[in-house]
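In our numbering, the protein residues as written are 25 to 242.
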């Protein structure tokens, strides 16, 4: 049986998940953002023990690559890389915006707008369709009332993530729907398995967090 470890430390609530190719076996969360680094490795060890598994049983590891918390991204990716290197197993990297979109995919009827809180009026975002095809790549954005104006004219947006109130206040567009569903590491399962089947593995020597470029208004 293939066994996968999924890691997300990019968001305020960090989480890890153990799964087969189709089933979640365990999910553990940490709601203290300042302690993700100290929490991660003991949590992985405890989860493996609870499931009567060892790290050597793992087939691959997936990790939320960003954008998101700079510190959180480094914690998750460095841990995943270290484990993959030691165990000689593949690393699967998933954009955090795709993780968010996967969590609300069943709720969406048109386009999905994941939004991750940054500072002031800034967010990390992207746009996906209901099949999770990338319409706009992950990027940093200074929100204004005109943000996504071209897309909003022709598509209904479902906004998700940890800054719905900020987006709603700045865009003031009643046509945008908002989801309260919160993503966790279990939502890495489906995109990670797709990458695994394609053998789309990250290069452990060169992979870096997806920080995105400087903030721009749009």
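The C-beta atom is built at its ideal place from N, Cα and C for all residues, glycine as well. None of the values given here were measured: they were computed from a predicted structure.
query                                                                                                        : result
Pick from 64, 104, 123 that is closest to residue 214, judged by C-alpha positions                           : 123
Cβ-based neighbour list, residue 152, same chain, cut-off 8 angstroms, excluding 5 preceding and 5 following : 121, 122, 125, 135, 136, 138, 158, 159
In DSSP terms, what residue 54 is bridged to                                                                 : 38
Check whether residue 67 and residue 85 have beta carbons under 7 angstroms apart                            : no
Where residue 226 falls: helix, strand or coil (DSSP)                                                        : coil
Residue(s) in a DSSP beta bridge with residue 119                                                            : 90
In DSSP terms, what residue 181 is bridged to                                                                : 135
7 angstroms CB neighbourhood of residue 128 in its chain, flanking five on each side removed                 : 136, 182, 184, 203, 205
Exposure of residue 168, with buried meaning 16 or more beta-carbon neighbours within 10 Å                   : exposed
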